[in-house]
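The listed protein sequences derive, respectively, from chains A and Z. Mapping the first sequence onto UniProt numbering, position 9 (from 1) lands on 9, and the numbers just tick up by one. Mapping the second sequence onto UniProt numbering, position 206 (from 1) lands on 206, and the numbers just tick up by one. Ideal Cβ placement from N, Cα and C applies to all residues, glycine included. Take a look at the structure below.
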Amino acid sequence: MTAAPVLQVEDLSVRFRTRGGEIAAVSGVSFAVRPGETLAVVGESGSGKSVTSLALMRLLPPGAAVTVTGRVGLRGKDGRMLDVLTLPEPEMRGVRGDAIAMVFQEPMTSLNPVKPVGEQIAEAIRLHRGLDRRAATEEVVRLLDLVGIPAPRQRLASYPHHLSGGMRQRVMIAMALSCEPAVLIADEPTTALDVTIQAQILDLLRRLQERTGMAVVFITHNLGVVAEIADRVMVMYGGRVVEQADVRPLFARPLMPYTVGLLRSVPRLDLAGRRAGPLPAIPGNVPDPLHMPEGCGFHPRCGDHVAGLCDARLPELESAGEARLVRCVRWRELTP
Amino acid sequence: MSAAAPAAAPTAGLRVLERFRRHRLAMFGAVTIATLTLACFLGPFLLPFDDTYIDIMQRFAAPFGGAHILGTDELGRDMLARILMGGRVSLLVGFVAMAIGMAVGILVGAVAGYYGGLVGTALMRFVDAVLCFPAIFLLLALAALVEPGLTSITLLIAATAWMDVARIVEGQIRSLRERDFAVAAEVLGATDRYIILRELVPNAVAPIVVAATLNVARAILLESYVSFLGYGIQPPVPSWGNMLNNAQIYLTSAPWLAILPGIAITLAVTSFNFLGDGLRDALDPRMDGR
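What follows is the structure in C-alpha cells.
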C-alpha cells in the first residue's frame, strides 16, 4: 500500500445552519484512500458518516444553510489531483460517476421505476463515455455479466420491479462501475438486504475491487461487514473521527472506549449462552448535535470517564503507534 | 436471487392497454373520439355539400327528410357539413390548446418543483395569481382586446389551461426529486435538464396524460363558450360554439340547429372525460397486479 492516494481528505468540516442554531455535522475529518484499498467508515446513526460521503461527491445542497470547509483531493481520470470542493459545477458533473461513483443503501428505490434497467445502465455509460447505442448495449451486457446477473441479455428489458433486492443492488453496482471509477463510495450497500445476499454482494465488491483496483469507501454500522471487507477502519462519533486503524489491530486491540463498546455490543455466536447478563450495549444515545457535550463528545456515555479531565476539553486525535490514531485522553491507561 | 422471467412478464405498455380495455366507458370514449376525429377530418370530402354553400331555396330543411341528412340552417347550408367542419375547428382548438398548455405547464411545474426555493415560489405564486381569474372572464377580456380567430383563440385557451398542469407537475416533481433514483442520477453526473426530462417527468406521465385528456374537453367547452358569446371563431367559419349562438333565435322554430351542435359538444366532452377517467385507472401503477 505505497501507491499515492486516489482520495485525500483534509480537515473536512460540514456545518448546517438550522432554526435551532448551527450544527457541526462533520468536524475536521481527514483520511486518505489508496488504489485497491477499502476504508470502512463506522459509526452510529448521526455520527456524520453519510454527510461525509455526500460532501465527497459535493452533493450537499449549495447555499447559505450548508458550509463545507477543508480539502477533498480526488485523482481524476487523467491522473491530476482535483480539488473537489472548488471545482466548477459543470466539471464536477463530469467527475461524478466517472472518477468517483456511489452505491446507495436502498436498492429498491435507487432505480428509476419506469425505465428498463438496461437502458438505465446504458445511459450511465453514455453520459461519460460517448459510446453509441449499440456499443453501450454491449457494454451493459458485459457489466451485468460482471456483477453476476445470469442471462444478462434477457435482463436488459426488465423493469426494476421485476428484480429482487439483491439483483437490483447488483444493477446499481454495475451502474456505478460503468465508467471504472477510481473511488467507489458504498453507503451501507448491504443494510437493506438479506444476510445471504449481503455476503454475495460483499464478495462481489471484493472481486470487482481486485479486478479494477478501485478504492472503496465503505460506510456501515455493521462491524461484521467491516471485518469482512475493510483494510482500514475509521470510527466516527458526533461528527469527529475518534479512532483510525488497520482492521486487524482495531479488532484485536481497540483503543477508544467507544470502539470497545461498539465491538462489545456485537452479538457473538461463540459466546452465546456463556455471556453473563444481557448483550452489553453502550448506554445513552448519540448526543444532540445542537448540544454537544463539553470536552470529549463521548464522555457522558463512557464508563471510564473522569470528571474534570474528559469533560474539560476536546482530546486531540493523536498517533497511537503505526498508522493508528485515537482521540481519547486516557487511552494509555485504559488499554493493557 | 429469484426474478420473474422477463419473457413471461408483459411489458408495462401492454398491461396498461389491458387495464384500459376493461374500462367500458373509457373504451366508449376512445372509440367515439376516434370516430368523431375521422368523420370531421375525412367526412367533408365525401359530402356533396360545402359547409358555406348557401342555398336560399332550402332554408330550414328538417333533418332526415331529403338530400340534407341533418337538415339545413337559416341560409340553407347543410348542417352535417357544418357540424363536421365545426368539429374540425373545435377538435383542433382543443388538441392544440391542450398541447401548448401542457408544454408550458410541464415546463413551469418541472422547473418550479425541481429548483424550489425562490424560483419555485415565484413561479407557483404566479400560477396561483393567474388561477384567481375566472377562466371565462379572463378569456373574454383578452378576446375583446385581440382579433378573434383560430390562432388567437387557441393561444388564449392555452393561456388559461396551463396552470393546473403546472400545479400537478410541480407537486409530482417535488416529491420525485427527493427519491433515491434522482440522487443516483445526480451521482452519475447527469445534468439538471437530463434529470428533469429523462428521469423525473416520465415518472409523472400518468397524471400528466390524465390532465391532458381532461384539458382537451375543457378547451372544447371553452371554445364553445367564447364562440357562443361571439368572441371566438367568426362566421361564416363554423364552430360548434358559434353554431349554437346562431341557433338561439330559431330555438322554437328550428330546434335541430341548436340540438345538433349541442349533441356534438356533449359527445366530444364526455368522451374525453371518460377517456381521462379510464387512463387514470389504467396508468395507476397501484392497479398493477405485477
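What do you get for residue 7 of chain Z, buried or exposed, if any count of 16 or more other CB atoms within 10 angstroms of its CB means buried?
For the purposes of this step, residue 7 of chain Z is taken as the residue at position 7 of the second sequence. Reliability of the predicted coordinates at residue 7 of chain Z is poor, the pLDDT of 41 falling under 50, and no value is obtained from them.
With a threshold of 16 other CB atoms inside 10 Å of the CB of residue 236 of chain Z, please say whether the residue is buried or exposed.
Translated into positions along the second sequence, residue 236 of chain Z becomes position 236. Its Cβ having fewer than 16 others within 10 Å, residue 236 of chain Z is exposed.
Residue 282 of chain A versus A:302, A:290, A:292, residue with shortest Cα-Cα distance:
Here residue 282 of chain A is taken as the residue at index 282 of the first sequence, counted from 1. Relative to the Cα of residue 282 of chain A, the nearest Cα in the group A:302, A:290, A:292 belongs to A:302.
Nearest-angstrom Cα distance between residue 23 of chain Z and residue 15 of chain Z?
Within the second sequence, numbered from 1, the residue matching residue 23 of chain Z stands at position 23. Within the second sequence, numbered from 1, the residue matching residue 15 of chain Z stands at position 15. Roughly 13 Å separates the two Cα atoms.
Let me make sure I understand the geometry here. Which of Z:205, Z:92, Z:243, Z:274 has the alpha-carbon closest to that of residue 74 of chain Z?
By one-based count along the second sequence, residue 74 of chain Z stands at place 74. Among Z:205, Z:92, Z:243, Z:274, the Cα nearest to that of residue 74 of chain Z belongs to Z:243.
Three Cβ pairs or more, each shorter than 8 Å: is that satisfied between the segment 252-271 of chain Z and the segment 120-130 of chain Z?
The way I'd put it, the segment 252-271 of chain Z doesn't touch the segment 120-130 of chain Z; fewer than three beta-carbon pairs between them come closer than 8 Å.
Please report the straight-line C-alpha distance between residue 95 of chain Z and residue 265 of chain Z, rounded to a whole angstrom.
Here residue 95 of chain Z refers to the residue found at position 95 of the second sequence. Here residue 265 of chain Z refers to the residue found at position 265 of the second sequence. C-alpha separation (whole angstroms): 14 Å.
Could you tell me whether any non-hydrogen atom of the ligand MG is closer than 7 Å to the CB of residue 276 of chain Z?
Summarising the ligand content, the structure contains no ligands, and the ligand MG is consequently not present.
Whole-angstrom Cβ separation of residue 311 of chain A and residue 294 of chain A, contact assumed at under 8 Å?
Position 311 of the first sequence, counted from the first residue, corresponds to residue 311 of chain A. Position 294 of the first sequence, counted from the first residue, corresponds to residue 294 of chain A. About 5 Å separates the Cβ atoms of residue 311 of chain A and residue 294 of chain A, confirming a contact at the 8 Å cut-off.
Could you name the residues of chain Z that residue 95 of chain A contacts, counting a contact when the two beta carbons are closer than 8 Å?
On the first sequence, position 95 is the one that residue 95 of chain A refers to. Near residue 95 of chain A (Cβ distances below 8 Å), the residues of chain Z are 189.
Could you tell me which residues DSSP pairs with residue 213 of chain Z in its beta bridges?
Along the second sequence, read from residue 1 onward, the residue named residue 213 of chain Z stands at position 213. DSSP links residue 213 of chain Z through a beta bridge to no other residue.
In whole angstroms, what is the alpha-carbon distance linking residue 68 of chain A and residue 88 of chain A?
Taking the first residue of the first sequence as position 1, residue 68 of chain A is located at position 68. Taking the first residue of the first sequence as position 1, residue 88 of chain A is located at position 88. The alpha-carbon atoms of residue 68 of chain A and residue 88 of chain A are separated by roughly 15 Å.
I need the DSSP call for residue 151 of chain Z, collapsed to helix, strand or coil.
Residue mapping note: residue 151 of chain Z aligns to position 151 of the second sequence, counting from 1. Here residue 151 of chain Z carries a helix assignment [DSSP, helix/strand/coil].
Might you give, ordered along the chain, the residues of its own chain that have their beta carbon closer than 6 Å to the beta carbon of residue 104 of chain A, omitting 5 neighbours on each side?
What you label residue 104 of chain A is simply residue 104 of the first sequence in a count that begins at 1. Around residue 104 of chain A, the same chain offers 110, 187 as residues with beta carbons nearer than 6 Å, after the five sequence neighbours per side are excluded.
Contact with chain Z by residue 49 of chain A, beta-carbon distance below 8 Å:
For this step, residue 49 of chain A is matched to residue 49 along the first sequence. For residue 49 of chain A, the answer is no, since every Cβ of chain Z falls outside 8 Å of its Cβ.
Runs of alpha helix (DSSP H) lying entirely within the segment 11-54 of chain Z, each at least 4 residues, in chain order
Those alpha helix (DSSP H) runs which fall completely within the segment 11-54 of chain Z and span 4+ residues are 12-21, 24-46.
Do you know offhand how far residue 159 of chain A's Cα is from residue 120 of chain A's?
The residue you call residue 159 of chain A lines up with position 159 of the first sequence. The residue you call residue 120 of chain A lines up with position 120 of the first sequence. If you draw a straight line from the Cα of residue 159 of chain A to the Cα of residue 120 of chain A, it comes to about 10 Å.
Cutting at 6 Å between CB atoms, please list the residues of its own chain near residue 141 of chain A, excluding the five before and the five after it.
On the first sequence, position 141 is the one that residue 141 of chain A refers to. Excluding positions up to five away in sequence, the list reads 152, 153.
Using 8 Å as the limit for Cβ to Cβ distance, is residue 199 of chain Z near chain A?
Against the second sequence, residue 199 of chain Z aligns to sequence position 199. Under the Cβ distance rule, residue 199 of chain Z counts among the residues neighbouring chain A, one pair being separated by less than 8 Å.
Under 9 Å, CB to CB, which of the residues in the segment 175-190 of chain A have a partner in chain Z?
Within the segment 175-190 of chain A, the residues whose Cβ lies closer than 9 Å to some Cβ of chain Z are 175, 176, 178, 179, 185, listed in chain order.
Determine the DSSP secondary structure at residue 21 of chain A, reduced to helix, strand or coil.
Position 21 of the first sequence, counted from the first residue, corresponds to residue 21 of chain A. It is a strand residue.
Go ahead and label residue 184 of chain A buried or exposed: buried means 16 or more other beta carbons lie within 10 angstroms of its beta carbon, across all protein chains shown.
One-based indexing of the first sequence puts residue 184 of chain A at position 184. With 16 or more other Cβ atoms within 10 Å, it is buried.
What does the alpha-carbon distance come out to for the pair residue 288 of chain Z and residue 209 of chain Z?
Numbered from 1 along the second sequence, position 288 holds the residue referred to as residue 288 of chain Z. Numbered from 1 along the second sequence, position 209 holds the residue referred to as residue 209 of chain Z. With a pLDDT of only 49 at residue 288 of chain Z, under 50, the local geometry of the prediction cannot be trusted, and no value is derived from it.
Span separating the alpha-carbon of residue 137 of chain A from that of residue 143 of chain A
Your numbering for residue 137 of chain A matches position 137 in the first sequence. Your numbering for residue 143 of chain A matches position 143 in the first sequence. For residue 137 of chain A and residue 143 of chain A, the distance between alpha carbons rounds to 10 Å.
Cβ-Cβ separation, residue 91 of chain Z to residue 40 of chain Z (assumed contact under 8 Å), whole Å
Here residue 40 of chain Z refers to the residue found at position 40 when the second sequence is read from its first residue. Here residue 91 of chain Z refers to the residue found at position 91 when the second sequence is read from its first residue. At roughly 6 Å, the Cβ-Cβ gap stays under 8 Å, so residue 40 of chain Z and residue 91 of chain Z are in contact.
For a cutoff of 8 Å on Cβ pairs, would you count residue 113 of chain A as touching chain Z?
Counted from its first residue, the first sequence places residue 113 of chain A at position 113. Cβ-Cβ to chain Z under 8 Å: yes for residue 113 of chain A.
Nearest candidate by alpha-carbon position, reference residue 31 of chain Z, set Z:221, Z:273, Z:82:
For the purposes of this step, residue 31 of chain Z is taken as residue 31 along the second sequence, with counting starting at 1. Distance check between residue 31 of chain Z and each of Z:221, Z:273, Z:82 places Z:273 closest, using alpha-carbon atoms only.
Would DSSP call residue 8 of chain A helix, strand or coil?
Mapped onto the first sequence, residue 8 of chain A falls at position 8. In this structure, residue 8 of chain A counts as strand in the three-state DSSP scheme.
Quick one: list the residues of chain Z neighbouring residue 52 of chain A, beta-carbon separation under 9 Å, in chain order.
Numbered from its first residue, the first sequence carries residue 52 of chain A at position 52. What residue 52 of chain A touches in chain Z: nothing, since even the nearest Cβ is about 15 Å away.
Closer than 8 Å to chain A by CB, residue 186 of chain Z
By 1-based counting over the second sequence, the position of residue 186 of chain Z is 186. At least one chain A Cβ lies under 8 Å of residue 186 of chain Z.
Can you look up residue 244 of chain A in the DSSP assignment and give me helix, strand or coil?
Sequence index remark: in the first sequence, residue 244 of chain A carries index 244 (1-based). The answer is strand: DSSP assigns residue 244 of chain A an E or B state.
Status (buried if at least 16 other CB within 10 Å, exposed otherwise) for residue 146 of chain Z:
The residue given as residue 146 of chain Z occupies position 146 in the second sequence. Label assigned to residue 146 of chain Z: exposed.
Which same chain residues, not among the five before or five after residue 71 of chain A, have their C-beta less than 6 Å away from its C-beta?
What you label residue 71 of chain A is simply residue 71 of the first sequence in a count that begins at 1. So the qualifying residues of the chain are 10.
Taking the alpha carbon of residue 164 of chain Z as the point to measure from, which residue in Z:103, Z:224, Z:186 has its own alpha carbon closest?
In the second sequence, counting from the first residue as 1, residue 164 of chain Z sits at position 164. Ranking Z:103, Z:224, Z:186 by Cα distance to residue 164 of chain Z puts Z:103 first.
Jot down the residue ranges of each uninterrupted beta strand (DSSP E) in the segment 28-84 of chain A, minimum 3 residues, whole runs only, in chain order.
Qualifying beta strand (DSSP E) stretches, in chain order: 38-42, 66-75, 81-83.
Rounded distance between the beta-carbons of residue 232 of chain A and residue 247 of chain A, thought under 8 Å:
As a position in the first sequence, residue 247 of chain A is number 247, starting the count at 1. As a position in the first sequence, residue 232 of chain A is number 232, starting the count at 1. Confirmed, about 7 Å.
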